[in-house]
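Numbering (our numbering), first residue to last: 911 to 1221.
1. From the DSSP output, read off the bridge partner residues of residue 971.
2. Taking the alpha-carbon positions, what's the residue 898 to residue 1173 distance?
3. Could you give the DSSP three-state label for residue 1020: helix, strand or coil?
4. DSSP on residue 1097, reduced to helix/strand/coil?
5. Thinking C-alpha only, which one of 936, 930, 962 and 1189 is nearest residue 947?
6. Anyone know if the C-beta pair for residue 1145 and residue 1048 falls short of 8 Å?
7. Could you pull out every residue in the same chain whose Cβ sits closer than 6 Å to the Cβ of residue 1212, ignoring the five residues on either side in sequence?
8. Helix or strand or just coil, what does DSSP make of residue 1122?
9. Use the C-beta contact count for residue 1033: other C-beta atoms within 10 angstroms, 16 or more gives buried, fewer gives exposed.
10. Can you name the residues that DSSP bridges to residue 1205?
11. Just confirm the distance between the C-beta atoms of residue 1192 and residue 1029, as a whole number of angstroms; I'd bet it's less than 8 Å.
12. Can you tell me the Cα-Cα spacing of residue 1207 and residue 1067, whole angstroms?
13. Which whole-angstrom value is the C-beta distance of residue 1003 and residue 1121, which I expect to be below 8 Å?
14. Per DSSP, which residues does residue 1088 bridge with? Please list them.
15. How about residue 1200 and residue 1183: are their beta carbons less than 8 Å apart?
16. Mind pulling the alpha helix (DSSP H) runs of 4 or more residues that sit fully within the segment 1008-1065?
17. Have a look at the DSSP bridge pairing and note the partners of residue 1177.
18. Whose C-alpha, out of 1095, 1198 and 1056, is nearest the C-alpha of residue 1128?
19. Are residue 1167 and residue 1094 closer than 8 Å when you measure CB to CB?
20. Just mark residue 1017 as buried or exposed, buried being the case when its beta carbon has 16 or more other beta carbons within 10 Å.
21. First and last residue of the alpha helix (DSSP H) that includes residue 976?
22. Let me know the secondary structure DSSP gives residue 1214 once reduced to three states.
23. How big is the Cα-Cα spacing for residue 1102 and residue 1152?
24. Among the residues of its own chain, which have a CB less than 6 Å from the CB of residue 939, if the five just before and after it don't count?
25. Mapping DSSP to helix, strand and coil, what is residue 1188?
26. Taking the straight line between their C-alpha atoms, what separation do you get for residue 960 and residue 929?
27. By the DSSP assignment, the beta strand (DSSP E) with residue 1135 in it spans what residues?
28. Would residue 990 pass as a contact of residue 1013 if the rule is Cβ separation under 8 Å?
29. So, with DSSP's three-state summary, where would you put residue 1103?
30. Quick check on DSSP: helix, strand or coil for residue 1002?
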């Protein structure tokens, strides 16, 4: 499978996610008016740009740094939008426009909301590319976390590496897997406590460029704590949101599982203190968890292949 095929399949998974795509279609049709100028940050396959054209946008500036922009240009021409969409194969930070936009739209949200850089890129675009009083889609994003019990996943994905494989010692790989978050599907039966909203950001107002949250969650049932699971809720426009939470089973995203160094036995009423933060515009994530006198410190900077795990 080529890298280009990977891009196509990745964007296919988003296009066939009717919950996501349908919600964006409705949001764009309500906000974009005939004659509007629209900016699509991270346009991908171009679907949001096409929604804007269908809603009557006079011109769309579609920005995408990856090769998938070539697909967007082909589809735009096939649908007669080639004269109404200007494509920029660049980072939005490096794009200047001939006129400010009435609307900026983006769907650069990852499994835990911010790891595709939406916070930094949308804040920059708002300040440089949007008219005063213009509209952002989405309006804002909330992040939720919950402690979870995942014995099978932990054994198969994290602790697999401590066992010899075909007679060879792969144990250094465990250091990488336990310092990265993992997308997966979850049901509420895995929860050890109540979900907690740990961050709420309004894109029209925020000056934040990274996520930073400290919080406490109380255990609601006996079990084994294997880590934290997280998801987002994005308000596209007032009254219309999308989420990858456990109740949204059709989402292509899944949830984000942040493992801890080893499973910890917990009882009802135990307190879990944690901190969650991002760096490098959401590229890296850091999570610390304290429970029953134990403290676990994790970072995807330590889970990178360029890092040097201890042997």
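Beta carbons: idealized from backbone N, C-alpha and C, even for Gly.
On a predicted model such as this, the values are computed, not experimentally measured, just so you know.
On the basis of the data shown:
1. Against the chain shown, residue 971 aligns to sequence position 61. DSSP output for residue 971 lists 949 and 996 as bridge partner(s).
2. For the chain, the structure presents residues 911 to 1221; residue 898 sits outside this window and is missing.
3. Walking along the chain shown from the start, residue 1020 turns up at place 110. Here residue 1020 sits in coil by DSSP.
4. As a working note, residue 1097 is residue 187 in the chain shown. Residue 1097 falls in the coil class under three-state DSSP.
5. Sequence index remark: in the chain shown, residue 947 carries index 37 (1-based). Considering only alpha carbons, the answer is 962.
6. Sequence index remark: in the chain shown, residue 1145 carries index 235 (1-based). Sequence index remark: in the chain shown, residue 1048 carries index 138 (1-based). It is a contact, given that the beta carbons lie within the stated cut-off.
7. Translated into positions along the chain shown, residue 1212 becomes position 302. Hits under 6 Å: 1089.
8. Translated into positions along the chain shown, residue 1122 becomes position 212. Strand, per DSSP.
9. Along the chain shown, read from residue 1 onward, the residue named residue 1033 stands at position 123. It counts as buried.
10. Within the chain shown, numbered from 1, the residue matching residue 1205 stands at position 295. In the DSSP output, where bridge partners are listed per residue, residue 1205 has 1200.
11. Position 282 of the chain shown, counted from the first residue, corresponds to residue 1192. Position 119 of the chain shown, counted from the first residue, corresponds to residue 1029. 6 Å between Cβ atoms; contact.
12. Taking the first residue of the chain shown as position 1, residue 1207 is located at position 297. Taking the first residue of the chain shown as position 1, residue 1067 is located at position 157. Here the alpha carbons of residue 1067 and residue 1207 stand approximately 19 Å from one another.
13. The residue given as residue 1003 occupies position 93 in the chain shown. The residue given as residue 1121 occupies position 211 in the chain shown. Not confirmed; about 19 Å, so no contact.
14. For the purposes of this step, residue 1088 is identified with residue 178 of the chain shown, where counting begins at 1. None, per the DSSP bridge assignment.
15. Sequence index remark: in the chain shown, residue 1200 carries index 290 (1-based). Sequence index remark: in the chain shown, residue 1183 carries index 273 (1-based). In this structure, residue 1183 lies closer than 8 Å to residue 1200 by Cβ.
16. 1028-1039
17. Taking the first residue of the chain shown as position 1, residue 1177 is located at position 267. None, per the DSSP bridge assignment.
18. Position 218 of the chain shown holds residue 1128. Here the closest residue by C-alpha is 1056.
19. Within the chain shown, residue 1167 is the residue found at index 257, counting from 1. Within the chain shown, residue 1094 is the residue found at index 184, counting from 1. A contact, by the Cβ cut-off of 8 Å.
20. For this step, residue 1017 is matched to residue 107 along the chain shown. Under this definition residue 1017 is a buried residue.
21. Against the chain shown, residue 976 aligns to sequence position 66. Where residue 976 is concerned, there is no enclosing alpha helix (DSSP H), given that its DSSP letter is neither H nor E.
22. By 1-based counting over the chain shown, the position of residue 1214 is 304. In the structure shown, residue 1214 falls within a coil segment according to DSSP collapsed to helix, strand and coil.
23. Translated into the one-based positions of the chain shown, residue 1102 becomes position 192. Translated into the one-based positions of the chain shown, residue 1152 becomes position 242. CA-to-CA, the gap between residue 1102 and residue 1152 works out to about 25 Å.
24. Reading the chain shown from its first residue, position 29 is the one you call residue 939. The beta carbon of residue 939 sits closer than 6 Å to the beta carbons of 965 from its chain, once the five residues preceding and following it are set aside; these are given in chain order.
25. To locate residue 1188, count along the chain shown from 1; it is residue 278. Three-state result, residue 1188: strand.
26. Reading the chain shown from its first residue, position 50 is the one you call residue 960. Reading the chain shown from its first residue, position 19 is the one you call residue 929. About 17 Å.
27. The count along the chain shown starts at 1 and reaches residue 1135 at position 225. From DSSP, the beta strand (DSSP E) with residue 1135 extends over 1133-1147.
28. Mapped onto the chain shown, residue 990 falls at position 80. Mapped onto the chain shown, residue 1013 falls at position 103. No, these two residues do not count as a Cβ contact at 8 Å.
29. By one-based count along the chain shown, residue 1103 stands at place 193. In the structure shown, residue 1103 sits in a strand (DSSP, three-state: E or B).
30. The residue you call residue 1002 lines up with position 92 of the chain shown. Residue 1002 falls in the helix class under three-state DSSP.
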